[in-house]
Each structure stands twice: as C-alpha cells, then as structure tokens.
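Numbered per this note's numbering, the sequence shown spans residues 139 to 715.
Here's the structure we're looking at; comments come further down.
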Amino acid sequence: MTEPNPPIVDVRGLTVHYGRHRRPGRSPAVLDLDLTIAPGERVAIVGESGSGKTTTANALCGLLPDSAQITAGRIEVAGLEVTGATERGLRRIRGAIVGLVPQDPMVALNPTLRVGTQVAEAVRRRGGVDRRQLSAEVVASLERAGLDDPVLRARQYPHELSGGMRQRVLIAIALAAEPRLLIADEPTSALDVTLQRRILDHLDALVSEAGISLLIITHDLGVAADRADRVLVMQNGRVVEEGLPAQVLVDPRHGYSRQLVAAAPGLSPRLVGLGGALGGVPAAGAGDGPSAATSPQAPGGSSTLGAPAASPHEILRLDHLTKDFPLPRSPGAARTHRAVDDVSLTVPPGRTLGLVGESGSGKTTVLRLALGLETPSAGTVTFDGAQISGRTWTQTRALRRRFQLVHQNPFASLDPRFSVEQSIAEPLASFRLGDGAARAARVSELLDQVALPQTARRRRPAELSGGQRQRVAIARALAPRPDLLLLDEPVSALDVRVQAQILDLLADLQRDLGVAYLFVSHDLAVVARLAHEVAVMRAGRVIEHGDTRTVFTEPATDYTRDLLDAIPGRRTAGRAR
C-alpha cells in the first residue's frame with residue numbers, strides 16, 4: 139500500500155505574541171493554531187485585519203519581526219524545523235522551499251533597480267545556474283509569470299510598469315527559485331477584477347503544472363471561495379471554522395463566518411448569475427443598491443452610445459472630455475497617449491454614478507479632470523451650471539467648497555501630525571467658514587454623522603483602524619457641506635465588514651444630506667450596492683452607460699459581461715445555489 143506524501147506544512151499548537159507577551163490583558167496574535175498543507179493543495183486563510191493570518195504566513199517563512207515571539211508550538215516546512223532555526227537555516231527554507239508574494243509591489247520591489255536585476259537575485263538563490271544562462275533564466279521567469287515582452291520588462295524599473303505587471307514581477311521573483319510552497323499575501327487586493335482573475339488563473343495554472351502548494355492570505359472571501367481547496371477562517375488569532383469553500387463560505391456554521399459572508403459583496407445572492415439576480419435589490423440610499431423604480435434610464439435601458447437621457451438638472455456635467463498625455467520622443471512612435479476620449483457624463487443631485495473599468499481605462503483621469511487637477515485637451519467640465527474647466531484655481535475657489543474628494547488610502551490623505559479634530563476642521567479653516575467655536579461644533583456634528591465617538595477627536599491617524607481613518611476622511615470631505623463627493627476607490631483596501639459599514643454609511647449620508655457621489659471603483663460588486671447608474675470605461679471611452687440594474691442584468695457589451703463574470707465568489711456561490 140502506497141504511503142501518502144507527508145505534508146509540506148505541518149504546524150501544531152502555534153502561539154505568537156507581540157511585545158511583552160506577559161503584559162496583563164495582552165492577547166496573542168496567533169493562538170494554538172494547527173495547520174497542514176498537502177503537496178499540491180490550495181489553502182486560503184481569511185479574516186479581518188488583526189485576525190492573525192499574515193502573522194501565520196510570516197511565521198512559516200521565518201519572517202516575524204523582532205517584536206514577535208513564538209511562545210508555544212512548532213512549525214515544520216518540508217520536514218525542516220522553522221521554530222528556533224538560525225538565520226542561516228531559514229535562508230535554506232526561503233526561496234528554495236517557500237516563495238512569498240507580498241501584498242504591495244511598490245513596497246516589495248526596489249525602485250532603484252531594474253526588474254531583471256531583482257529577478258536575477260532570486261534565480262541565484264536557486265543555485266546551480268550558470269552565470270551565462272542567468273539572463274535567459276530571468277526572461278523565462280518573467281514569461282512564466284505571464285508578462286508580455288519579458289526582455290523589455292527586465293530592462294524596466296518598477297515605476298514604469300502597471301500595477302498588474304508589478305504584481306506579476308513579484309510572482310516571477312517568488313517562483314524563480316522553484317519553491318515547493320507559494321504563499322500569496324493579498325496578491326490582488328488592489329487590482330481590477332479582470333486583471334485579478336488573470337493573475338489568479340495564472341497562479342492556478344502554475345500550481346497545477348509544477349505541483350506546488352499554495353497558501354492564499356486574503357480578506358476577499360470571493361477569492362477564497364473560487365480559488366481554494368480548503369478555507370480557514372481566523373478571528374482574534376484563532377481558527378474558528380475550517381472546511382470546503384462551498385461549506386464555509388456559502389453555508390457557514392460559525393457566527394463570525396456568517397458575518398463575513400453577509401458583508402462580502404461578491405458572495406451576495408444579488409450577484410449570482412444574470413437575469414433575475416438583482417431582482418431583490420432595494421433602493422440605493424437605503425444602503426443596498428439601486429432601484430429601477432427611482433433610477434433615471436436611457437431609452438431602452440442600457441446604451442452603448444452615450445449617457446442616459448439627462449436629468450433636468452445636473453450637479454456635475456462632463457461634455458465630450460478628451461485628455462492627451464505627451465509621450466517620450468521616439469522615431470516612428472506616437473507623440474501622445476489619449477487617456478480619455480470624448481467622454482460625456484452627468485451626475486444628478488443626490489444620486490450616485492459609478493465609474494468602472496480595468497486599470498488604464500481612464501476612470502481615474504476622468505475623476506482628476508472633474509476635480510480640476512488635470513486640464514482637458516478638449517471638452518468642458520460644468521459644476522451646477524458653471525463651467526470650471528479652463529479656469530484658474532482662484533477663479534473657481536468659491537465653487538470648490540461644494541465638491542470634495544475622498545481618497546483610496548485614508549492613511550496617506552490624512553496628515554499624520556494632525557489630530558482627528560484638526561483634520562476634519564482643516565477645510566473649514568481653509569475656506570474661512572465659522573469661528574473656532576463654530577468649527578468645534580461642526581467637528582462634533584460630523585463625528586456623530588460618521589459614527590465615530592467624540593473621544594476620537596484627540597487621536598492621530600496612527601491610533602485609528604483603517605475603517606476609522608476612512609470615516610475621518612469622509613467627515614473631512616463633508617465638513618464644508620459639499621453637494622458632491624468624488625470617491626476614488628474608497629473601500630478597496632478595507633476588510634469586508636468594514637467595507638460594508640462604510641458603504642452603508644455613504645448610503646445613509648446620501649439619504650440624510652442629499653449629497654451626490656461620483657464613485658470610481660474596480661469592484662463591480664461594490665458598485666452594485668451603492669450606484670444608481672453605472673458607466674463602463676474601456677481604453678478611455680464610455681462603452682456602456684445605464685441604470686445599474688439594467689447594466690448588471692442585461693449588459694450590452696462583451697466587455698461588461700467579462701467584468702461581471704470576473705467578480706470573485708460568483709462561481710462558487712452559483713454552484714452552491
């Protein structure tokens with residue numbers, strides 16, 4: 139009888155503390171964790187920030203920070219002991235046995251070194267590679283990771299690549315040493331759905347072809363549902379549920395798992411299949427999505443030729459916007475790149491327009507043109523009847539109080555030196571609105587509106603969670619009482635429950651304050667929850683525009699259908715139903 143292959147990962151009773159672990163009241167980051175991964179198996183660990191999933195991954199690689207300490211248990215990888223191993227011993231494990239794909243390529247990649255140089259370092263760790271073959275091995279690694287023109291990519295620097303390309307470079311580096319286990323820590327969290335699908339498809343193929351194991355660390359339950367053979371749910375350092383994706387993420391037993399699944403847009407029954415899938419969607423502004431009864435439509439529903447019939451009044455109007463960017467001079471090459479091509483859109487008061495599309499589709503450039511941060515090459519931007527494109531910042535200052543921006547990353551958009559109160563009050567001081575007492579009262583009012591405690595006003599951004607920081611950013615944008623918020627991927631970096639809370643908050647604020655939203659997102663499941671209308675962009679053009687229900691249930695273009703099909707979690711939920 140053939141003996142089963144031993145597991146590539148065998149963890150027993152692992153407990154990890156940060157700092158002085160004997161301090162009263164301090165809970166461990168990981169507590170009594172058991173984990174096995176078989177050769178060729180795909181395992182996903184899901185949970186919110188602070189659940190212990192990334193600490194677990196770092197412990198497997200021997201990459202825990204100095205402030206962390208393994209206080210109980212043991213870790214074996216490919217039969218080698220990780221707990222207590224020397225740095226020299228850990229180097230034998232990293233690369234050759236365990237490859238890591240970290241979350242943020244702009245942090246993980248050295249901006250001063252060419253891509254090929256960084257991949258070459260990983261190839262050398264494999265050993266046995268002739269120096270004369272090193273360049274060929276680098277190109278082969280980039281090609282295996284799915285990069286087009288790998289010879290060119292090897293000569294480029296990270297900043298010259300798109301987000302998806304940089305992520306593939308990290309995959310190339312992780313696979314260059316031919317590991318037996320690949321750990322992917324949030325490998326696609328900031329990527330659009332179709333690029334996310336292509337990278338995860340490629341990882342699946344590489345795992346299948348090479349027979350290596352895959353550990354996915356993710357807060358995206360849809361990714362776990364579609365990509366894993368087995369799922370572990372972590373909460374406060376403990377595994378609270380484990381099993382097959384169709385059981386854990388479609389019919390969970392544990393209360394915490396049920397909360398995560400309920401908050402995950404991609405696992406919503408509203409997004410399972412087309413046709414009648416969105417038939418039960420309540421009205422946007424109630425926190426759950428658009429209403430066919432109240433949303434304006436184009437004649438015949440969705441249209442591929444332009445915007446729906448205009449509302450009698452628009453708070454924001456974009457007419458035939460075009461934006462060309464100059465390119466470096468090169469013989470025979472184009473002199474400009476057209477990022478936005480003849481885009482016309484309107485946002486009615488108190489309504490939400492969702493702008494979706496892949497990376498490079500032009501949606502962020504449209505947002506910057508609407509804000510006046512870029513000057514259009516052609517076309518006009520009109521806010522509440524007044525043209526603002528082509529005018530100076532000073533000329534439009536009075537109007538700018540009435541439209542505000544919420545960034546994707548609240549930690550980057552908030553001054554780390556400012557308290558919450560100072561951050562929220564800053565726009566009031568900038569526009570000279572009210573005296574000190576009036577501003578303090580306005581801050582108190584806004585904290586209540588975004589559901590933050592009054593005790594938070596003295597804290598600084600580093601003392602807040604990601605969801606709290608985003609609430610501060612929203613309060614700051616609302617401070618001068620704008621009529622329009624422009625939201626740039628405002629929930630893409632948040633855990634699913636926090637993401638759901640922020641989306642519900644935005645819907646409540648729209649209902650209570652009548653504020654309009656231009657909502658830019660690569661996550662169509664998020665857009666389905668909030669937007670009354672959606673415009674789909676591709677290669678700088680709007681290729682489809684209509685009320686959200688119609689676009690999502692009766693997409694008029696293959697491209698929109700492809701975006702919808704790529705929403706993580708849909709195929710697992712669909713099979714289960």
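The beta-carbon is built from N, C-alpha and C at its ideal position, and this holds for glycine as well.
Treat the numbers as computed from the prediction; the structure is a model and nothing was measured.
Going by DSSP, Ser551 is part of no beta strand (DSSP E) but of the alpha helix (DSSP H) stretching over Pro548 to Ser551. Note on geometry: alpha-carbon atoms of Ala167 and Glu219 lie some 21 Å from one another.
For Val215, the uninterrupted beta strand (DSSP E) segment begins and ends at Ala206 to Val215. Partner residues in the beta bridge of Lys461, as assigned by DSSP, are Val478.
Within the segment 332 to 412, the beta strand (DSSP E) runs of at least 3 residues that lie entirely inside it are, in chain order, 351 to 356, 368 to 373 and 376 to 381.
Gly495 places its beta carbon 7 Å or farther from that of Ala477.
Secondary structure note for Glu671: its beta strand (DSSP E) is the uninterrupted segment Glu671 to Arg676. Taking each of Ile526, Ala348, Glu214 and Glu512 in turn and checking the Cα distance to Thr194, the smallest one comes out for Glu214. When DSSP assignments are scanned along the segment 470 to 539, the uninterrupted stretches of beta strand (DSSP E) that are 3 or more residues long and fall wholly within it turn out to be 474 to 485, 490 to 494 and 516 to 521. Under the three-state reduction of DSSP, Leu319 is assigned to strand.
Around the C-beta of Asn196, 16 or more other C-beta atoms lie within 10 Å, and the residue is accordingly described as buried. Counting along the chain, Phe657 sits inside the beta strand (DSSP E) bounded by residues Ala654 to Val658. Where Asp700 is concerned, the enclosing alpha helix (DSSP H) starts and stops at Asp696 to Asp703.
Taking every protein chain shown into account, the CB of Phe463 has fewer than 16 other CB atoms within 10 angstroms, so this residue is exposed.
A contact between stretches requires three or more CB pairs, one per stretch, nearer than 8 Å, and the segment 346 to 363 meets this requirement with the segment 171 to 185. Residue environment for Asp696: exposed (fewer than 16 other C-beta atoms within 10 angstroms of its C-beta).
With the rule of 3 Cβ pairs closer than 8 Å, the segment 340 to 359 does not count as touching the segment 510 to 523. In this structure, His475 is the residue among Leu456, Leu643, His475 and His458 with its C-alpha nearest to the C-alpha of Leu465.
Under DSSP, Tyr156 shares a beta bridge with Ala206. Put simply, the backbone Cα of Leu632 is about 13 Å away from that of Pro403. With respect to the 7 Å criterion, Ala563 and Arg577 are classified as neighbours on the basis of their beta carbons. Residue pairing by DSSP puts Phe541 in a beta bridge opposite Leu622.
The C-beta distance from Leu590 to Gln606 rounds to 6 Å, short enough to fall under 8 Å.
With contacts defined by Cβ atoms closer than 7 Å, Arg252 and Arg293 form a contacting pair.
By the criterion of a C-beta distance shorter than 6 Å, Arg597 is surrounded in its chain by Val558, once the five residues flanking it on both sides are discounted.
Beta-bridge pairing by DSSP links Arg180 to Leu352.
Of the candidates Asp323, Glu259 and Gly265, the residue whose Cα lies closest to the Cα of Lys191 is Asp323. The beta carbon of Arg282 sits closer than 8 Å to those of Ala310, Leu313 and Leu344, all from its chain and outside the five residues before and after it, given in chain order. In this structure, Ala611 places its C-beta atom within 7 Å of the C-beta atom of Val544. Membership of Asp650 in the alpha helix (DSSP H) is indicated by the continuous run Val634 to Leu651.
Separation of the CB atoms of Glu316 and Arg269 is rounded to 18 Å, and the pair is thereby denied contact status at 8 Å. DSSP places Glu692 outside both helix and strand once states are collapsed to three, so it counts as coil.
With 16 or more other CB atoms across the displayed protein chains lying within 10 angstroms of its CB, Thr688 is buried. Within the same chain, Ala195, Leu238 and Leu353 come within 6 Å of Ile321 by CB-CB distance, once the 5 residues on both sides are set aside. When secondary structure is reduced to three states using DSSP, Glu627 falls in the coil class, being assigned neither helix nor strand.
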